[in-house]
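A short worksheet on the structure shown next.
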Amino acid sequence: MIKPDYSVPVPNSLGNVHFIGIGGSGMSGIARILIGLGHRVSGSDV
């Protein structure tokens with residue numbers, strides 16, 4: 000099983016983030032975390 004590397008921080012200067020496939024459970028979860036951290040998030044899904 001792959002273990003996440005929590006030592007890599009999300010940079011504060013990330014800017015706008017656009018997710019492709021944002022409707023999935025994984026991408027939407029990451030998007031919600033980034034929104035909670037104050038980042039601007041957009042996305043698309045088919």
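So the sequence shown is numbered by numbering that gives the first Met the number 0: it starts at 0 and just counts up by one.
No residue lacks a Cβ here, since even glycine has one placed at the ideal position from N, Cα and C.
Note that the structure is predicted; figures quoted are calculated from it, not measured.
- Burial of V40 is indicated by the presence of at least 16 other C-beta atoms within 10 angstroms of its C-beta.
- Nearest Cα to G35 within the set I19, P3, V9: V9.
- By DSSP's assignment, V7 forms no beta bridge with any residue.
- Beta-carbon to beta-carbon, D44 and G20 are separated by about 6 angstroms, close enough to satisfy the 8 angstroms threshold.
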